[in-house]
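Asks: This is the structure I want to talk about, given as structure tokens.
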Amino acid sequence: MAVEITGLPPVVVQGNGNNTSTHVANENTGGNKTSTNADVVTLTSQATNIKTLETNIGKQSAVDGDRIEHLKAAIDAGSYIIDPARVAEKFIEFEISLTA
7 MAVEITGLPP VVVQGNGNNT STHVANENTG GNKTSTNADV VTLTSQATNI
57 KTLETNIGKQ SAVDGDRIEH LKAAIDAGSY IIDPARVAEK FIEFEISLTA
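Just so you know, the sequence shown maps onto residues 7 to 106 in my numbering.
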């Protein structure tokens with residue numbers, strides 16, 4: 007869907023992936039208002055890589071089923087040992103992360 011905004015000069019965005027600059031294009035604004043320019047969007051390789059990673063992460067499960075089954079088996083067998091010092095350290099780290 008194209009939207010025509012009148013009263014403003016056209017803007018051309020140019021960049022090399024690291025530094026982007028904006029320039030106002032010179033245009034003859036006489037009685038003829040035809041335009042043959044098309045919008046072009048080019049993604050950098052870094053943006054493409056980020057999109058690929060985002061897609062791959064979206065396909066992964068947020069839950070590690072194998073680890074859960076291993077922990078359930080250890081708890082049922084009575085061999086799961088809780089380290090109170092480690093639990094306390096993790097609580098402290100979590101609380102510090104909330105205030106940072």
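Idealized CB from N, CA, C, for every residue including glycine.
Within the continuous alpha helix (DSSP H) that includes Asn43, where are the two ends?
Replies: Segment: none, Asn43 is in no alpha helix (DSSP H) and carries neither H nor E.
Asks: How many angstroms separate the CA atom of Thr54 from the CA atom of Glu60?
Replies: Cα-Cα distance, rounded: 10 Å.
Asks: Where does Ser85 sit, in a helix, a strand or coil, going by DSSP?
Replies: coil
Asks: Starting from Val93, trace the alpha helix (DSSP H) both ways and give me its first and last residue.
Replies: Looking at the DSSP string, the run of the alpha helix (DSSP H) that includes Val93 is 90-105.
Asks: Is the Cβ-Cβ distance between Ala94 and Tyr86 less than 8 Å?
Replies: In this structure, Ala94 keeps its C-beta atom at 8 Å or more from the C-beta atom of Tyr86.
Asks: Which residue marks the beginning of the alpha helix (DSSP H) containing Ser67, and which one marks its end?
Replies: Membership of Ser67 in any alpha helix (DSSP H) is not indicated, and neither H nor E is assigned to it by DSSP.
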